[in-house]
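Enquirer: Okay, so the sequence shown: first residue is 3 according to the working numbering, each after it adds one. All residues carry an ideal CB built from backbone N, CA and C; glycine is no exception. There's a structure below that I have some questions on.
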Amino acid sequence: RAILLGGQPGSGKSELARMAQHELSQNGRAVVIDADKLRERNPVYQALSITDPKNAADLTHKEAAEWARRLTTATVQGRRNLVIDGTMRDPKGVLTLAAKLREHGYTVEARVIAVSPEVSINRARLRFEEQMAARGVGRFVNQAQHDVAYKGLADSVSALESARAVDAIRVYDASQREIYANQLVRGSWQQEPGAQQALTEERTRTWSHAEHRNHVALLTDITRLAGQREGYRDQVFYTLESVSQRNGKAYDNVHEAAQAFLSARAEDQPVLFRTERMPSGQDVTLRVAQTAYTGKDSERLYSKSIVGEDEALKRAYAALLRPDPNLRGPILIGDGAILAARLEKAQQALQQMEQGTVYQRAHAFDTLRPSEALGRYPELDGAYKQLQGLREDSSGTLLADEGGRSHAQARAQLSEQLHRGQIPQGPVTLAESRQVLEMAASHQRLVMRDGQTFGRVAQGEVVAGSSHHVLVKVSDMVALSYERDSLDRAVSMGERLRIEPGHDSHRVHEVEQGGLKERVIQKDQGRER
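Put into structure tokens, the structure is as follows:
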């Protein structure tokens, strides 16, 4: 068997590779072929990783691809199970590889991972910064590399499924959960091809609150590690002074400060000060490097030294005095401003989401008692109906529903749906739906009357909705409830309308002001039918 993996850099293919290797190892050993890992053994790449990390992978792609091809050929000749960990950026190359494997009797399966480009490019960057911190060198992925792979994967998935070039195809999300699967049965797909659509939908779907929060944390770690590596530290700067220059030059980079101190003339007796802005707002300044001398004026011997407890400065100065040729080189990437802008954008997106209806509704479901949550968001009645009956029995054991879900599992799944902007449905009765709407009216301090028997034209705004009812506010104190099925069309939260009673159904009209129709609909149209 051969499993072909696909995903842009930073998408999480490594975990898919481990899963695939373990699966194939049940029927004999499996060989994993990863061009990126092969590339790391190339001396040219090792040197470029220091001198030109942004382009090191591109400049050694040809060699890495050739090594991967040779290893694949040897594995096929040895009739071994095979896992090929790649990006699938080239549809033509992937089709050729799949055809070659099939010619040699392999059952070929494609497994691809669907991850948004914002997440994958930043995951790749975090990996680089963590590798740099651990061993002084890392695998850098530039934006162009990433974007070519991102686009190419979608094209490859479409080509593989359209040409029936593989025996099975699966799509996974960022958590390695399978979200799509298709298999050839007697030469035909079990279901209508849809791998590319599944890939695209997962890549572009709305993020949950947890995903926004994790993205902010990811960018925070990247910014911190990159700043430390490049010598930038928040709220810290250095000042170099000497006997000839009391108002010295300031440096916000520890490497630049160390270089300036080393380069200063010893005869000028340079001194380096470190200033840190404390949380209280107070500045604390300490001497961290100084110059001493012995002997008389005409025969002085000068010596520079680092003093104090600034470990970053000590390391930077020691590296200048005793440079390691294996670690020296222009590794600095210098994109701090870009990283800061990404972090700020992510923080703003998180803040905006937390102020939106989708998050507020899901948060209410997660944290409030059902009566409170339903009062604020009556559209949650379907979710709570699903939980009804899933309670602990007398022994404290959690009961399960027909699908085998425990109460905790069901609640977690419902919460995930809500955080993604979906509103779960349930077998809510008319009486239960109306009761929930009464709770919503009470929460808004409105008196609810039955619109079904109102008998007159009503005009107002839709302010709440449960499974089978909507609440129309007609005055500061009064709202009318209508069964959804009694209206001649679907209505939405925030919509201003006029309702005319009818024999079979009530006619709904949009309110017109100044000759123009006014329809104020919130972004969350949770209950539009």
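Using DSSP with H/G/I as helix, E/B as strand and the rest coil, what is Met90?
Expert: Along the sequence shown, read from residue 1 onward, the residue named residue 90 stands at position 88. DSSP places Met90 in coil when its eight states are reduced to three.
Enquirer: In the DSSP assignment, find the unbroken beta strand (DSSP E) run with Gly250 in it and report its ends.
Expert: What you label residue 250 is simply residue 248 of the sequence shown in a count that begins at 1. Start and end: 247-253.
Enquirer: Can you tell me where the alpha helix (DSSP H) with Asn216 in it begins and where it stops?
Expert: Residue mapping note: residue 216 aligns to position 214 of the sequence shown, counting from 1. First-last of the alpha helix (DSSP H) with Asn216: 211-232.
Enquirer: Using alpha carbons as the reference points, say which of Glu132, Pro195, Leu220 lies closest to Leu162.
Expert: Position 160 of the sequence shown, counting from 1, holds the residue named residue 162. Leu162 has its Cα closest to that of Pro195, out of Glu132, Pro195, Leu220.
Enquirer: Evaluate Gly140 with the Cβ neighbour count: other Cβ atoms within 10 Å of its Cβ, from every protein chain shown; 16 or more gives buried, anything less gives exposed.
Expert: Numbered from 1 along the sequence shown, position 138 holds the residue referred to as residue 140. That one is buried.
Enquirer: Check this for me: beta carbons of Ser244 and Asp270, under 8 Å apart or not?
Expert: Against the sequence shown, residue 244 aligns to sequence position 242. Against the sequence shown, residue 270 aligns to sequence position 268. Taking 8 Å as the Cβ cut-off, Ser244 and Asp270 qualify as a contacting pair.
Enquirer: Would you mind working out which of Arg72, Leu155, Pro11 sits nearest Leu128, comparing C-alpha positions?
Expert: Counting from one through the sequence shown, the residue named residue 128 turns up at place 126. It is Pro11 whose Cα lies nearest to the Cα of Leu128.
Enquirer: Quick one: which unbroken beta strand (DSSP E) runs of 3-plus residues sit fully inside the region 74-123? Chain order, please.
Expert: 83-87, 110-115
Enquirer: Just confirm the distance between the C-beta atoms of Leu103 and Ala165, as a whole number of angstroms; I'd bet it's less than 8 Å.
Expert: By one-based count along the sequence shown, residue 103 stands at place 101. By one-based count along the sequence shown, residue 165 stands at place 163. The pair is not a contact, with the Cβ atoms about 14 Å apart (cut-off 8 Å).
Enquirer: Can you grab the Cα-Cα spacing for the pair Ala32 / Met21, in whole Å?
Expert: One-based indexing of the sequence shown puts residue 32 at position 30. One-based indexing of the sequence shown puts residue 21 at position 19. In a straight line, the C-alpha of Ala32 is about 11 Å away from that of Met21.
Enquirer: Return yes when the Cβ of Val464 is within less than 8 Å of the Cβ of Glu502, no when it is not.
Expert: Residue 502 sits at position 500 when you count from the first residue of the sequence shown. Residue 464 sits at position 462 when you count from the first residue of the sequence shown. It is not a contact, given that the beta carbons lie outside the stated cut-off.
Enquirer: Does Gly30 come out as helix, strand or coil in the three-state DSSP assignment?
Expert: Taking the first residue of the sequence shown as 1, we reach residue 30 at position 28. In this structure, Gly30 counts as strand in the three-state DSSP scheme.
Enquirer: Determine the direct distance from the alpha carbon of Val114 to that of Thr202, and round the result to whole angstroms.
Expert: As a position in the sequence shown, residue 202 is number 200, starting the count at 1. As a position in the sequence shown, residue 114 is number 112, starting the count at 1. Spanning the two alpha carbons is a distance of roughly 12 Å.
Enquirer: For the alpha helix (DSSP H) that Met340 lies in, which residues bound it at each end?
Expert: The residue given as residue 340 occupies position 338 in the sequence shown. The amino acid at residue 340 is misidentified as Met; the sequence shows Ile. Unbroken alpha helix (DSSP H) run through Ile340: 338-356.
Enquirer: Locate the beta strand (DSSP E) running through Arg289, then write down its first and last residues.
Expert: In the sequence shown, residue 289 corresponds to position 287, counting from 1. Unbroken beta strand (DSSP E) run through Arg289: 285-296.
Enquirer: Give the straight-line distance between the Cα atoms of His508 and Asp452, rounded to the nearest whole angstrom.
Expert: Position 506 of the sequence shown, counted from the start, is the residue given in the question as residue 508. Position 450 of the sequence shown, counted from the start, is the residue given in the question as residue 452. Spanning the two alpha carbons is a distance of roughly 13 Å.
Enquirer: Grouping DSSP H, G and I as helix and E and B as strand, with all else coil, what is Phe263?
Expert: In the sequence shown, residue 263 corresponds to position 261, counting from 1. Look at Phe263 here: in three-state DSSP terms it is helix.
Enquirer: Could you tell me whether the region 77-93 touches the region 172-183, using the rule of 3 or more Cβ pairs below 8 Å?
Expert: no
Enquirer: Consult DSSP for Phe142 and reduce its assignment to one of helix, strand or coil.
Expert: Numbered from its first residue, the sequence shown carries residue 142 at position 140. Residue state, collapsed to three classes: coil.
Enquirer: Between the C-alpha atoms of Arg447 and Glu204, what's the straight-line distance to the nearest angstrom?
Expert: Translated into positions along the sequence shown, residue 447 becomes position 445. Translated into positions along the sequence shown, residue 204 becomes position 202. About 41 Å.
Enquirer: Looking at the strands, I want to know which residues DSSP matches up with Met450.
Expert: As a first step, residue 450 is located in the sequence shown; it is residue number 448 there, counting from the start. DSSP output for Met450 lists Ala481 as bridge partner(s).
Enquirer: May I ask you to verify whether the region 360-368 touches the region 415-432, counting CB pairs closer than 8 Å and requiring at least 3?
Expert: The region 360-368 is in contact with the region 415-432.
Enquirer: In the DSSP assignment, find the unbroken alpha helix (DSSP H) run with Ser373 in it and report its ends.
Expert: For the purposes of this step, residue 373 is identified with residue 371 of the sequence shown, where counting begins at 1. Bounds of the alpha helix (DSSP H) holding Ser373 are 372-378.
Enquirer: Assuming Val438 is part of the alpha helix (DSSP H), what are its boundary residues?
Expert: Position 436 of the sequence shown, counted from the first residue, corresponds to residue 438. For Val438, the enclosing alpha helix (DSSP H) stretches over residues 432-445.
Enquirer: Identify whether Phe456 lies in helix, strand or coil by the three-state DSSP scheme.
Expert: Counted from its first residue, the sequence shown places residue 456 at position 454. Three-state DSSP puts Phe456 in coil, outside helix and strand.
Enquirer: I need the DSSP call for Ser190, collapsed to helix, strand or coil.
Expert: Translated into the one-based positions of the sequence shown, residue 190 becomes position 188. In the structure shown, Ser190 sits in a strand (DSSP, three-state: E or B).
Enquirer: Is it buried or exposed for Leu382, if we count other Cβ within 10 angstroms and need 16 for buried?
Expert: As a working mapping, residue 382 is identified with position 380 in the sequence shown. Classification of Leu382: buried, given that the 10 Å Cβ count is 16 or more.
Enquirer: In this structure, what does DSSP give as the bridge partners for Ile171?
Expert: The sequence position of residue 171 within the sequence shown is 169, counting from 1. DSSP lists Ala112, Asn184 as partners of Ile171.
Enquirer: Got a sec? Which residues, its chain only, sit under 6 Å from Phe239 by beta carbon, not counting five neighbours each side?
Expert: Within the sequence shown, residue 239 is the residue found at index 237, counting from 1. So the list reads Ala252, Asp254, Thr277, once near-sequence residues are dropped.
Enquirer: Helix, strand or coil, according to DSSP, for His471 in the structure here?
Expert: Walking along the sequence shown from the start, residue 471 turns up at place 469. His471 falls in the strand class under three-state DSSP.
Enquirer: Whole angstroms are fine: how far does the CA of Gln350 sit from the CA of Leu227?
Expert: Indexing the sequence shown from 1 puts residue 227 at position 225. Indexing the sequence shown from 1 puts residue 350 at position 348. For Leu227 and Gln350, the distance between alpha carbons rounds to 21 Å.
Enquirer: Per DSSP, His508 forms a beta bridge with which residues?
Expert: Within the sequence shown, residue 508 is the residue found at index 506, counting from 1. Paired residue(s): Leu489.
Enquirer: Taking the alpha carbon of Ala291 as the reference point, which residue from Asp299, Ala320, Gly138 has its own alpha carbon closest?
Expert: Looking up residue 291 in the sequence shown gives position 289. For the residues Asp299, Ala320, Gly138, the minimum Cα distance to Ala291 belongs to Ala320.
Enquirer: With contact counted as at least three CB pairs below 8 Å, one residue from each stretch, are the region 202-221 and the region 130-144 in contact?
Expert: no
Enquirer: Just the C-alpha distance for Val513 and Glu418, rounded to the nearest angstrom, thanks.
Expert: Your numbering for residue 513 matches position 511 in the sequence shown. Your numbering for residue 418 matches position 416 in the sequence shown. Using only the alpha carbons, I get a separation of about 36 Å.
Enquirer: Pull up the CB-CB distance for Thr293 and Pro272, whole angstroms please, since I reckon it's below 8 Å.
Expert: Here residue 293 corresponds to residue number 291 of the sequence shown, with the count starting at 1. Here residue 272 corresponds to residue number 270 of the sequence shown, with the count starting at 1. Right, the Cβ-Cβ distance comes to about 6 Å (below 8 Å), so this counts as a contact.
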